[in-house]
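The opening position of the sequence shown corresponds to residue 1 in full-length UniProt numbering, with each subsequent residue numbered one higher.
Glycine residues also receive a C-beta, built at the ideal position from the N, C-alpha and C atoms.
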Amino acid sequence: MFLNQRFPQTRLRRLRMDAWSRRLVAETRLAPDDFIWAIVVKAGSGLREPVPAMPGVMRLSPDQAAEAAREARALGIPALALFPYTGRDERTPDARLALDPDNVMCRSARAVKDAVPDIGLMCDVALDPYTDHGHDGLMRDGEILNDETVDVLARQAVLQARAGFDIIAPSDMMDGRVGAIRAALDAEGLKNTQIMAYAAKYASAFYGPYREAIGAASLLKGDKRTYQMDPANSDEALREVALDIAEGADSVMVKPAGPYLDIIRRVKDAFAMPTFAFQVSGEYAMIKAAAQNGWIDGERAMLESLLAIRRAGADGIITYFAPEAARALNA
Ligand code: PBG
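Right under this line is the structure:
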């Protein structure tokens, strides 16, 4: 009789038997420190307008964004990322509202920084909230113009940094925009403004609820495949990230997050850069919808989805779940 036929030599279950032991051997941890809270802002005052496809998410007016900043501080969330809703009548082919120092993004930045000066504030840089066709860049004869768009983005970035944003996050996927934005910021003396590049951003179906949230859903003509990445590609993500780092990005991002964990891991391993992932609107909506139907445990699925993104290599996560997850973790 051989001993190792009756008893497994190694019992991995031994370490899993008790909660104290599981805690000691946990390789990844999730904390409010890991979150950047994604918030949609809209002009007005006292406004908290539900976004139907994103249960629990509201469009907030600048004063309410300031309230959210106070909540974030109390919960231990280090930073907010703002995205603007814009009505159809304010959108133009030249996206001129993007360059208005009194647009809702700039007003929200000032309100947030007045309320909570030491919170981190991140700003999406792209033209889709401001164009009448819902694309991230300027369009001529059906083509999204790269270099003309980059000029506008650089000016938009300077305006937003002046309004109080600490992190400029270009989400447009034009070539060369990180370098142009860095040069424009430096030329204006904004040398400490960070750039988080949406470096590997995919042409994804998971952005659907967001486009509704910012008022772009019914306007968007066609898709964004001439500038956002093909979900089939992974080597190409490394080229995108390498370029953005060379152009001066302080940190890089992969987006979406959950379906692209392999990309997060490759980027982290290849560059050892501060690496972020954006758990996008569709990822949020799927978990919420299934939970509302009683098909999954919403809180557990939320925390598992976030933990998995961290395990894949993300240092931080941009997520609409930030306050809910922070409350669950602080409990
Ligand atoms: C736009 C932008 C998008 C998101 C962030 N910035 C949508 C898009 O590219 O169409 C998506 C966010 C989300 O789905 O939560 N430049």
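- Shortest gap from the CB of glycine 282 to any heavy atom of ligand 1: under 8 Å.
- Non-local beta-carbon contacts of aspartate 223 in its own chain, meaning distances under 8 Å to residues more than five positions away in sequence, involve Ala203 in chain order.
- According to DSSP, proline 170 shares a beta bridge with Val125.
- Look at tyrosine 130: its beta carbon is at least 8 Å from all of the heavy atoms in ligand 1.
- Going by C-alpha positions, asparagine 233 is about 46 Å away from glutamine 5.
- Its Cα nearest to that of aspartate 230, the residue Lys201 stands out among Ser45, Ala126, Lys201 and Leu159.
- Excluding residues up to 5 positions away in sequence, Leu60 and Ala115 lie with their Cβ nearer than 8 Å to the Cβ of glutamate 67 in the same chain.
- Arginine 73 and alanine 325 have their C-alpha atoms roughly 14 Å apart.
- Residue range 298-311 is occupied by the alpha helix (DSSP H) that includes glutamate 304.
- In terms of side-chain proximity, the C-beta atom of lysine 201 is found nearer than 8 Å to a non-hydrogen atom of ligand 1.
- Across the structure, asparagine 330 and leucine 75 are spaced so that their CA atoms are roughly 8 Å apart.
- The beta carbons of leucine 127 and threonine 149 sit closer together than 9 Å.
- For aspartate 172, the distance from the CB to the nearest heavy atom of ligand 1 is below 8 Å.
- Here the alpha carbons of arginine 266 and arginine 16 stand approximately 29 Å from one another.
- If you ignore the 5 residues before and after valine 41, its C-beta comes within less than 8 Å of the C-beta of Arg59, Leu60, Ser61, Pro62, Ala65, Leu82, Phe83, Pro84, Tyr85, Val104, Met105 and Ser108, all in its own chain and listed in chain order.
- Using a 10 angstroms sphere on the CB of threonine 92, the tally of other CB atoms stays under 16, which defines it as exposed.
- CA-to-CA, the gap between alanine 157 and threonine 131 works out to about 17 Å.
- Residue ranges of uninterrupted beta strand (DSSP E) with 3 or more members, entirely inside the segment 200-268 and ordered along the chain, are 251-255.
- By the Cβ test, the segment 50-59 is not in contact with the segment 30-37, since fewer than three Cβ pairs between them sit closer than 8 Å.
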